[in-house]
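**Student:** Can you keep this structure in mind? I'll have questions shortly.
Residue numbers (our numbering), protein chains in the order written: chain Z, 1 to 97; chain W, 10001 to 11220.
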């Protein structure tokens, strides 16, 4: 995925709903879930690329995106967190202060 | 808590749904949901199997249709694919089902009309008497679109229109948790994505709207795939439908949430929508609101569950009314418009009277026929048989059925079309009296019980053979008699095969076109689910680059997609034979749409039709019947003799002599290599022998257990052995060997004392593996009670068990024996006319050029193409000596179209080429083809042998060029010119004539026939040099001798074979006759590619002799003959030897097929055997009786494109006839 704010992100989730996250060595607490939705990944790009070669890339079929208000020591921010259920990975998609 | 899905699309929503109805039902049952709906787009084609699957799974079946609201033409479908508003319509009760059928029919009929919309619904609603339909207005509907656009005023107006129709309305909420565009304009990849109708926010707004308007709401999930992973298939289908490669812009779905969710998952969705709607919905707090939503959904669902029998009418039999059969109803009454309600309800008293009348009419017809056919009315046997059969028919209430078929056959025959019934119906005496079947069952000892018994209340199956060329005329006659309200044809779903799946998936993924092409063409015509296995097992694929990629695992995802599309319907097509006949309720029970040729077609296929209890008549177009009709016409035309083929007696010795000679190419049923071998050993002497011969040609373990003992006893090598003296009457006709189903029936009846009808039931049970133990448990005591010894009982049981599924129905064989005999009779006594018929209609397995050569070998003069004497078809013509010969047909000419043909036939005779040019509008390439094939030789005196003086074909070609140039100049320049035009007479140009090989080449190219010389003649020097054995000399070879054979390939077959390995049978034509060879699996590998793709072959093999006329060849190698000749011309015999010594590199695979029948089921089971590694194992199909078959038997071999020099496809390739 391109154009992502840099840095690894670790998310704690309860029943799939994110409650805590850790980014750029700072911890944040999810105060409110503003909304959530599910998006599609362009899975076919990988299949076409993979014919005849062996690549380990993975594009998920589906991602659940959580738009949350998260508060840390420096104040709060609104972020979009994307969860790939198949690979069980989280990534930070968008950031709005 | 429970939940029922009310909006579900299966693969019968063409290129929209990803799963079969069965999968949907299984998933719903696994979720413990009490019922599930099937609501396919525009179609009820999946409904019957869906209802049957629900019944079996024990859950309720709800059926609906997803219909478009706007005018709907073919162009619209592609252009407006995304924009069409849709609603789902659910059926309630019997009236609802009838309404759905009529609604779906109306949709397809009104396709071109405007304003389909709500008018359809209002008319339909008026037609429904009990039960009705419910309309779901969801996010895809016009109302939903208005709500999405934030125009509640428009939404209200549209809703009012809907409510004016009087149908029950509900609002449908769907949330796939799609992104609301107000929240995020682009997706996680940064790509702008269209907002989608299935967002939670929109669902909430629709709920609010429905509350305000006081319309009930239900929750569905607009399901297109059962598992989430099915979303990939759905995407591919969307891309295929739109004919574009996959791209986020073209996706119909925004995510993969449209799957068959479990009940807790749906509750969660309900709660999310309720929460988004705020606490104001119906005044409930959100949790209670969610519960209310689910409750309303379940309430509607329970009202919509259909009873398979009471509502859908599974198993109900509706036969045409007696008045209609007797022609007492007017044409207008028969052809009422689709939407005018027919008075279909008939009181039971009326039905009872009609049944009695029908019985009386049937008896009267039979009695009259007895007299007419010369039966003695006092013959007790005849009387008893007739009374028995009529009593059974009366008890079952099927008199109308027989009268229906009888009148259909009579109408067809009166129109001069050859017609005959096939199948077990030949065993029914009533059928014979009604002239439906030509055979007299009393004469051939056939059983009615095999066809119809009072123990099975299902309609019997009668198939009718008619002349292939006039099949549509037969259809028209049926429609004329019964009317469009009571007749429909049957459909069939074409499903994906590997080639199509590869093309569609490849295109969707954007793979390069030429790569996809190569990939697709490499596969034989197999099911897409077998792609992986084919790559692993078939030698011709394994060695290719693709096969190696598959072995390395880099094609896995692609193959998963390809296999995922398998079993999905691609499109609905007209079944070529099935016709439904019914009373006036037809359109209440099945949806109808138009088809090719404008015949109204049911959306149900032949299995659905049987489940529904509809009367289906198969009207098969048989090319042999057309060939025989043509032959009869030619005999009359050339000699004046009128041949009544259906009246010739079955005892002509000369005909049997021909059959025994095995020179039976072109004859019905007995021309294949296997049959010729059998006939050679069997030496049939009479009609009964033909019946036995046809029955012996079966797959399975029968060869050693049936054919060999029979032939031995028959030829006098051993005494016939009878399992028990009591069985002698039944088995005498086949020397003690069990061959026919009828014999199995008699054996059971004799040994256990049951009636023949009961015995037939037992026989059918024996055919399924899980019922066999039960039958055994009954059989033993029953037989022992009758006093038979245990030894006999055991012996008989073993035979019964093995033969029940592999015996053959004697009535069926008898029906087939008639055209077999008739074709052989024609070949014996009217050889030229016979060949004219066979060449014109091409009924058999062999290419025309072989048939032509056979005619030559019979001494029939072959008369070349002649512009003045040739007709559209092959005809009989006299040569200079006055002998009857065969004139080559104009329709054989490459590029010949109907218009040109017509103008040629109208313009006869032509004095010259220029005369021809001026008076017909034949396109230049076709004229050139005519010249090249010699059509103008006679007119211009071109001689058969190349000459130095005189006009030749090349001169004529130049003449054509002149004529053409002049004609175009005339058109271009419309003014006086000093040119006087082209010469009317072609000039001698001095060009050399075409030599004989060029002539043959041209003939093959233009006609597909080598008329003047046999193609192999040109190879004679090479064949002599190599010492190749010719067909005429095969009988001189000895067993185990290693020989070479060569010739033109005329057929390859891959029939099922007992040991489970694939065998390929090859037939070559070497100008002296056909030569047959068999390639077993170990020999195939390196040569498979040459075998399938080359046209001229050189084959090495070893001889196996069996009796004075039996020769078979086991092949050990094959090479392209043309290539061998090239090498020979360049480097002599040594070069050829070198060529033959090059064994193509081949990855040996010697996995033995072991009979590992791991699971025994009632259908053949696919078993992996031979080794631990998945990749090294082979698959074998195991039949219930233990018969093992390679899964690649019964498939068309690969290689439809001609690779080596044959102009076009000039040979036959097929699964071949079972039985070898």
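Glycine included, every Cβ here is placed at the ideal spot set by N, Cα and C.
Starting from residue 27/Z and walking both ways along the beta strand (DSSP E), at which residues does that stretch end?
**Tutor:** Residue 27/Z -> beta strand (DSSP E) spans 26–40.
**Student:** I'd like to check one pair, residue 10894/W with residue 10868/W: are the Cβ atoms closer than 7 Å?
**Tutor:** Taking 7 Å as the Cβ cut-off, residue 10868/W and residue 10894/W do not qualify as a contacting pair.
**Student:** Does the separation of the CB atoms of residue 11046/W and residue 11009/W fall below 7 Å?
**Tutor:** No, Cβ-Cβ distance for residue 11046/W and residue 11009/W is not below 7 Å.
**Student:** Would residue 87/Z pass as an interface residue toward chain W - the criterion being a Cβ-Cβ separation below 7 Å?
**Tutor:** For residue 87/Z, the answer is no, since every Cβ of chain W falls outside 7 Å of its Cβ.
**Student:** With H, G and I counted as helix, E and B as strand and the rest as coil, what does DSSP make of residue 11049/W?
**Tutor:** Reduced to three states, the DSSP call for residue 11049/W is strand.
**Student:** Are there three or more Cβ pairs, one per stretch, closer than 8 Å when the stretch 10391–10407 of chain W is compared with the stretch 10451–10465 of chain W?
**Tutor:** Verdict: yes, contact present.
**Student:** Quick one: does residue 10179/W have its CB under 7 Å from some CB of chain Z?
**Tutor:** So, interface residue.
**Student:** In three-state terms, what does DSSP make of residue 10735/W?
**Tutor:** In the structure shown, residue 10735/W sits in coil (DSSP, three-state: anything other than H, G, I, E or B).
**Student:** Within 10 angstroms of its Cβ, does residue 10820/W collect 16 or more other Cβ (buried), or is it exposed?
**Tutor:** By the neighbour-count rule (16 or more Cβ atoms within 10 Å), residue 10820/W is buried.
**Student:** Determine the DSSP secondary structure at residue 10134/W, reduced to helix, strand or coil.
**Tutor:** Strand at residue 10134/W.
**Student:** In three-state DSSP terms, what is residue 10467/W?
**Tutor:** DSSP places residue 10467/W in strand when its eight states are reduced to three.
**Student:** Taking only beta-carbon atoms, is residue 95/Z less than 7 Å away from chain W?
**Tutor:** Closer than 7 Å: no.
**Student:** Let me confirm a value: residue 10205/W is counted as buried when at least 16 other C-beta atoms fall within 10 Å, else exposed. Which label applies?
**Tutor:** Buried.
**Student:** Have a look at residue 10829/W and residue 10712/W and give me their C-alpha separation to the nearest angstrom.
**Tutor:** Taking the straight line joining both Cα atoms gives about 32 Å.
**Student:** Buried or exposed for residue 10841/W, going by 16 or more other Cβ atoms inside 10 Å?
**Tutor:** Answer is buried; the Cβ neighbour count reaches 16.
**Student:** Excluding sequence positions up to five away, which residues of its chain have a Cβ less than 6 Å from the Cβ of residue 10141/W?
**Tutor:** Hits under 6 Å: 10085 and 10087.
**Student:** In three-state DSSP terms, what is residue 10568/W?
**Tutor:** Three-state result, residue 10568/W: coil.
**Student:** Let me know the secondary structure DSSP gives residue 11186/W once reduced to three states.
**Tutor:** Low local confidence applies: a pLDDT of 45 at residue 11186/W is under 50, so the model's placement there is unreliable, with the coordinate-based value given in what follows. Three-state DSSP puts residue 11186/W in coil, outside helix and strand.
**Student:** Let me know the alpha helix (DSSP H) ranges lying completely inside the stretch 10581–10621 of chain W, each 4 residues or longer, listed in chain order.
**Tutor:** You should have 10586–10589 and 10606–10612.
**Student:** Tell me, which residues are paired with residue 10922/W by DSSP?
**Tutor:** Looking at the DSSP assignment, residue 10922/W forms no beta bridge with any residue, so it has no partner.
**Student:** Using a cut-off of 8 Å between C-beta atoms, extract the partners of residue 11013/W located in chain Z.
**Tutor:** The contacting residues do not exist; residue 11013/W stays about 49 Å from chain Z at best.
**Student:** How about residue 10404/W and residue 10325/W: are their beta carbons less than 7 Å apart?
**Tutor:** Yes. Within cutoff.
**Student:** Given 8 Å as the limit, is there contact between the stretch 10588–10597 of chain W and the stretch 10793–10808 of chain W, that is, 3 or more CB pairs closer than that?
**Tutor:** Taking 8 Å as the limit for Cβ pairs, the verdict is that the stretch 10793–10808 of chain W does not touch the stretch 10588–10597 of chain W.
**Student:** Report buried or exposed for residue 11084/W, applying the criterion of at least 16 other Cβ atoms within 10 angstroms of its Cβ.
**Tutor:** It is buried - the Cβ of residue 11084/W has at least 16 other Cβ atoms within 10 Å.
**Student:** Do residue 10577/W and residue 10618/W have their CB atoms nearer than 7 Å?
**Tutor:** Result yes, Cβ atoms of residue 10577/W and residue 10618/W sit closer than 7 Å.
**Student:** Check whether the Cβ of residue 10255/W lies closer than 7 Å to any Cβ atom in chain Z.
**Tutor:** Residue 10255/W counts as touching chain Z.
**Student:** In chain W, what lies closer than 8 Å to residue 36/Z by C-beta?
**Tutor:** Correct list: 10177.
**Student:** Measuring CB to CB, does residue 10035/W end up less than 7 Å from residue 10059/W?
**Tutor:** Yes. Within cutoff.
**Student:** How far does the alpha helix (DSSP H) with residue 10673/W in it reach, from first residue to last?
**Tutor:** Per DSSP, residue 10673/W belongs to the alpha helix (DSSP H) from 10673–10682.
**Student:** If we cut at 7 Å on Cβ distances, does residue 10231/W have a partner in chain Z?
**Tutor:** True, the Cβ-Cβ gap to chain Z drops below 7 Å.
**Student:** Compare the Cα-Cα distances from residue 10097/W to each of 10180/W, 10305/W, 10950/W and 10224/W and report the closest residue.
**Tutor:** Of the listed residues, the one whose Cα sits closest to residue 10097/W is 10305/W.
**Student:** Are any of the Cβ atoms in chain Z nearer than 7 Å to that of residue 10510/W?
**Tutor:** It does; some Cβ of chain Z falls within 7 Å.
**Student:** For chain W, find out if any of its Cβ atoms is closer than 7 Å to the Cβ of residue 69/Z; answer yes or no.
**Tutor:** So no, residue 69/Z is outside the interface.
**Student:** Below 8 Å on the Cβ atoms is my guess for residue 10268/W versus residue 62/Z; work out the distance and round it to an integer in Å.
**Tutor:** About 16 Å separates the two Cβ atoms, so there is no contact after all.
**Student:** Based on DSSP bridge pairs, tell me the residues matched to residue 10808/W.
**Tutor:** Answer by DSSP bridge pairing, in chain order: 10740/W.
**Student:** Just to confirm my understanding: we take residue 10108/W, look at its own chain, exclude 5 residues before and 5 after, and list those with CB closer than 7 Å. What are they?
**Tutor:** Cβ within range, chain order: 10593 and 10594.
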